[in-house]
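Enquirer: My questions will all concern the structure given below.
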Amino acid sequence: MPELGWELKKGLAKKNPIFMLMLGLCPFLAISTSVENALGMSAAFSFVLLGSCLLVSCIRRWVPRNVRIPIFVVIISGFVTVTELLVRAYSPTLRERLGIFLPLITVNCIVLGRIEAFASRRSPLETVADALGMAGGFCLAITSVALIRELVGTGGISFFGHTWTLLAQSIYGFQLSPGGFIVMGVILAALKKKGVI
Amino acid sequence: MENLLSIFLTSMLINNIVLTRYIGLCPFFGISRNLANSGMMGLAVTFVMLGSCTVTWFVNQFLLAPFGVQYMRIVAFILVIASFVQLVEIIMRKALPKFYSAFGIYLPLITTNCAILAVNLINFDEAYSLPASLVNALGTGLGFMLAICLLAGLRERLESEELPRSMRGAPIAFISAGLLALAFQGFVGIG
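Quick note, the sequences are listed as chains E and C, same order. Quick note: the first sequence, position 186, residue 186 per my numbering, numbers continuous. Quick note: the second sequence, position 124, residue 1124 per my numbering, numbers continuous.
Here it is as structure tokens:
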């Protein structure tokens, strides 16, 4: 199954939702302040993306063309509500950290974009491969930016209770909003220099 | 009165929705190439925020709260926003065709603008009264307009500058936004 492998892999690099398509920037920049938060956001995002894409792909034959967007939005917000209730029940600290960005997954352009461009036209199997790839690409991007921002912003990495201090000096501005924009700008410039985008 | 003023200033400057809270970045980078379009987008966003916040306040007060189903707020709010935008589009096309040709293309984009849903959720979380919700919506909308117009002004000037090839386009836009955000950090002192 060569195509299935491609659908899975394209989200990671060639069509990375963040760096290549520049979608879903809000949670990406807001939550990339620490690696732990980034992984939490990725988990919640992946669940919503996978669930809603799979459901849309299964019911795609019965969705009338001209009311498809409201139907998709209701499906997505349903999955977000489920995720919110699950997170509230099992990890109140994660809920506190993700804050408003957990409900805002509803209007994340990656989810609606993948549904509209891919899940509403393809079989469930291909859709799952595509969604997994996109979720992986999101996770890769947000974790790598979080790594830079946490390292420079706090001088170390903390991960599930363990803290490693690696830098003697830290620049707190990287944890605040200006840092996120600037790190993203520098990464994009580096990618452009390499000729990737 | 004082309380409303502080909500207004906080939502517009101190907690600027784009530059401090990181919400609504897609239109912020997507439309900010041109100052006139950015101003129009800002006005449209402010208008939809005010309208949708009024409706969601009533929906919450008389539909969600009495039945204790506040966990359904995301589904309810997104439906209100989507139908409100659709309604505004239809009314505008019939009644104000001139306005429609200027605003029209921005309206569908607004449905998926996370800033709109965010301001409704903030009003809900803070349990604001109707006047406070409206002031918060107005401040947030004007803050969005201010930020997008500032960035558009910067980008228009950068167009004519000699930039290194790898910095052109998106990278320099992000770095300009970072510097703007740094400037907005100065407002924290007001609060």
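Think of the CB as a built atom: it goes at the ideal place given N, C-alpha and C, for glycine as much as any other residue.
(1) Could you work out which residue in C:Arg1155, C:Arg1093 and C:Gly1141 is closest to Asn1016 (chain C) when comparing CA atoms only?
(2) Label Glu1162 (chain C) either buried or exposed according to how many other C-beta atoms from any shown protein chain fall within 10 Å of its C-beta, with 16 as the threshold for buried.
(3) I want to verify the contact list: residues of chain C whose CB lies under 9 Å from the CB of Lys15 (chain E), in sequence order.
(4) Could you confirm whether any beta carbon from chain C is found closer than 7 Å to the beta carbon of Thr33 (chain E)?
(5) Span of the beta strand (DSSP E) holding Thr163 (chain E)?
(6) Of all Cβ atoms in chain C, is any one closer than 7 Å to the Cβ of Leu140 (chain E)?
(7) Quick check on this structure: which residue in C:Ile1090, C:Ile1078, C:Gly1153 and C:Asn1003 has the alpha carbon closest to the alpha carbon of Asn1034 (chain C)?
(8) Determine, using beta carbons only, whether Leu1119 (chain C) comes closer than 7 Å to chain E.
(9) To the nearest angstrom, how far is it from the Cα of Arg1165 (chain C) to the Cα of Ala146 (chain E)?
(10) Could you list the residues in the stretch 1021–1048 of chain C with a C-beta less than 8 Å from some C-beta on chain E, going in chain order?
(11) Helix, strand or coil: which one does DSSP assign to Ser1101 (chain C)?
(12) Is the Cβ of Phe181 (chain E) closer than 7 Å to any Cβ of chain C?
(13) Going by the beta-carbon positions, is the gap between Gly1186 (chain C) and Asn1113 (chain C) smaller than 7 Å?
(14) Between the alpha carbons of Val35 (chain E) and Ile110 (chain E), how many angstroms are there, rounded?
(15) Taking the straight line between their C-alpha atoms, what separation do you get for Ala1036 (chain C) and Leu86 (chain E)?
(16) Taking C-alpha atoms, which residue in E:Arg121, E:Lys14 and E:Thr33 lies nearest to Ser158 (chain E)?
(17) Using beta-carbon positions only, say whether Ser52 (chain E) and Ile76 (chain E) come within less than 7 Å of one another.
(18) Beta carbon of Ile1110 (chain C), beta carbon of Val1085 (chain C): below 7 Å?
(19) Among the candidates E:Phe28, E:Val107, E:Arg61 and E:Val152, whose CA atom is the shortest distance from the CA of Pro124 (chain E)?
(20) How about Ile148 (chain E) and Val183 (chain E): do their beta carbons lie closer than 7 Å?
(21) Compute the distance between the beta-carbons of Leu1019 (chain C) and Leu1180 (chain C), then report whether it is under 7 Å.
(22) For Asn16 (chain E), which option in E:Lys193, E:Gly137 and E:Thr154 has the closest C-alpha, if you only look at C-alpha atoms?
(23) Among E:Ile115, E:Lys192 and E:Glu84, whose alpha-carbon lies nearest the alpha-carbon of Ile100 (chain E)?
(24) Report the three-state DSSP secondary structure of Ile157 (chain E) (helix, strand or coil).
(25) Go ahead and label Tyr1022 (chain C) buried or exposed: buried means 16 or more other beta carbons lie within 10 angstroms of its beta carbon, across all protein chains shown.
(26) Ser1032 (chain C) to Phe1077 (chain C), Cα distance in whole Å?
(27) Check Gly227 (chain E) in the structure and name its three-state DSSP category.
(28) Determine the closest residue to Ser42 (chain E) out of E:Leu54, E:Pro27 and E:Ile71, with distance taken between C-alpha atoms.
(29) According to the neighbour-count rule (16 or more other Cβ atoms, all chains shown, within 10 Å of its Cβ), is Gly153 (chain E) buried or exposed?
(30) Give the interface partners of Leu29 (chain E) over in chain A, defined as CB-CB distance under 8 Å, in chain order.
(31) If we call anything under 7 Å between Cβ atoms a contact, is Thr143 (chain E) one with Gly156 (chain E)?
(32) Which chain E residues are close to Gln1070 (chain C), counting only those with a beta carbon under 9 Å from its beta carbon?
(33) Along the chain, where does the alpha helix (DSSP H) that runs through Tyr90 (chain E) open and close?
(34) Within the chosen definition, does the stretch 1036–1048 of chain C reach the stretch 1144–1160 of chain C through at least 3 CB pairs nearer than 8 Å?
(35) Buried or exposed for Glu7 (chain E), going by 16 or more other Cβ atoms inside 10 Å?
Expert: From the atom records:
(1) Here residue 1016 (chain C) refers to the residue found at position 16 when the second sequence is read from its first residue. If we check each option's Cα against that of Asn1016 (chain C), C:Gly1141 comes out closest.
(2) Counting from one through the second sequence, the residue named residue 1162 (chain C) turns up at place 162. So Glu1162 (chain C) counts as exposed.
(3) Sequence index remark: in the first sequence, residue 15 (chain E) carries index 15 (1-based). Going along chain C, no residue has its Cβ under 9 Å from Lys15 (chain E), so there is no contact; the nearest lies around 16 Å.
(4) Here residue 33 (chain E) refers to the residue found at position 33 of the first sequence. Output row for Thr33 (chain E): interface = no.
(5) Translated into positions along the first sequence, residue 163 (chain E) becomes position 163. Element bounds for Thr163 (chain E): His162 to Thr165.
(6) Looking up residue 140 (chain E) in the first sequence gives position 140. By this cut-off, Leu140 (chain E) is not an interface position.
(7) As a first step, residue 1034 (chain C) must be located in the second sequence, where it is residue number 34. Residue C:Gly1153 is the option with its Cα nearest to Asn1034 (chain C).
(8) Within the second sequence, residue 1119 (chain C) is the residue found at index 119, counting from 1. The residue asked about is misnamed: residue 1119 (chain C) is Val in this sequence, not Leu. So, not an interface residue.
(9) For this step, residue 1165 (chain C) is matched to residue 165 along the second sequence. For this step, residue 146 (chain E) is matched to residue 146 along the first sequence. Those two C-alpha atoms are separated by around 27 Å.
(10) Arg1021, Tyr1022, Ile1023, Gly1024, Leu1025, Cys1026 and Phe1029
(11) For the purposes of this step, residue 1101 (chain C) is taken as the residue at position 101 of the second sequence. Three-state result, Ser1101 (chain C): helix.
(12) Along the first sequence, one-based indexing puts residue 181 (chain E) at 181. Judged by the 7 Å Cβ criterion, Phe181 (chain E) is in contact with chain C.
(13) Here residue 1186 (chain C) is taken as the residue at index 186 of the second sequence, counted from 1. Here residue 1113 (chain C) is taken as the residue at index 113 of the second sequence, counted from 1. Cβ atoms of Gly1186 (chain C) and Asn1113 (chain C): not closer than 7 Å.
(14) In the first sequence, counting from the first residue as 1, residue 35 (chain E) sits at position 35. In the first sequence, counting from the first residue as 1, residue 110 (chain E) sits at position 110. Rounded to the nearest angstrom, the two C-alpha atoms are 21 Å apart.
(15) Position 36 of the second sequence holds residue 1036 (chain C). Position 86 of the first sequence holds residue 86 (chain E). When rounded, the distance between both Cα atoms is 44 Å.
(16) For the purposes of this step, residue 158 (chain E) is taken as the residue at position 158 of the first sequence. Ranking the options by Cα distance to Ser158 (chain E), first place goes to E:Thr33.
(17) Along the first sequence, read from residue 1 onward, the residue named residue 52 (chain E) stands at position 52. Along the first sequence, read from residue 1 onward, the residue named residue 76 (chain E) stands at position 76. Pairing Ser52 (chain E) with Ile76 (chain E) gives a Cβ-Cβ distance under 7 Å.
(18) Taking the first residue of the second sequence as position 1, residue 1110 (chain C) is located at position 110. Taking the first residue of the second sequence as position 1, residue 1085 (chain C) is located at position 85. Result yes, Cβ atoms of Ile1110 (chain C) and Val1085 (chain C) sit closer than 7 Å.
(19) Sequence index remark: in the first sequence, residue 124 (chain E) carries index 124 (1-based). For the residues E:Phe28, E:Val107, E:Arg61 and E:Val152, the minimum Cα distance to Pro124 (chain E) belongs to E:Arg61.
(20) Stepping through the first sequence from its first residue, residue 148 (chain E) is reached at position 148. Stepping through the first sequence from its first residue, residue 183 (chain E) is reached at position 183. Yes.
(21) Locating residue 1019 (chain C) in the second sequence gives position 19, where the first residue counts as 1. Locating residue 1180 (chain C) in the second sequence gives position 180, where the first residue counts as 1. Yes. Within cutoff.
(22) One-based indexing of the first sequence puts residue 16 (chain E) at position 16. Considering only alpha carbons, the answer is E:Gly137.
(23) The residue given as residue 100 (chain E) occupies position 100 in the first sequence. Measuring C-alpha to C-alpha distances from Ile100 (chain E) to each of E:Ile115, E:Lys192 and E:Glu84 identifies E:Glu84 as the nearest.
(24) The count along the first sequence starts at 1 and reaches residue 157 (chain E) at position 157. Residue state, collapsed to three classes: strand.
(25) By 1-based counting over the second sequence, the position of residue 1022 (chain C) is 22. Tyr1022 (chain C) comes out buried.
(26) Taking the second sequence and counting its residues from 1, the one referred to as residue 1032 (chain C) is at position 32. Taking the second sequence and counting its residues from 1, the one referred to as residue 1077 (chain C) is at position 77. Roughly 27 Å separates the two Cα atoms.
(27) As displayed, chain E neither begins before 1 nor continues past 197, which places residue 227 (chain E) out of reach and without an answer.
(28) Taking the first residue of the first sequence as 1, we reach residue 42 (chain E) at position 42. The residue with the shortest Cα to Cα distance from Ser42 (chain E) is E:Pro27.
(29) Position 153 of the first sequence, counted from the start, is the residue given in the question as residue 153 (chain E). Label assigned to Gly153 (chain E): buried.
(30) Included in the structure are the protein chains E and C, with no chain A among them.
(31) Position 143 of the first sequence, counting from 1, holds the residue named residue 143 (chain E). Position 156 of the first sequence, counting from 1, holds the residue named residue 156 (chain E). No.
(32) Locating residue 1070 (chain C) in the second sequence gives position 70, where the first residue counts as 1. Residues of chain E passing the Cβ test: none, with the nearest at roughly 11 Å.
(33) If you number the first sequence from 1, residue 90 (chain E) lands on position 90. Residue range Arg68 to Tyr90 is occupied by the alpha helix (DSSP H) that includes Tyr90 (chain E).
(34) Touching, yes, given that three or more Cβ pairs across the two stretches are closer than 8 Å.
(35) To locate residue 7 (chain E), count along the first sequence from 1; it is residue 7. Buried, by the Cβ-count rule.
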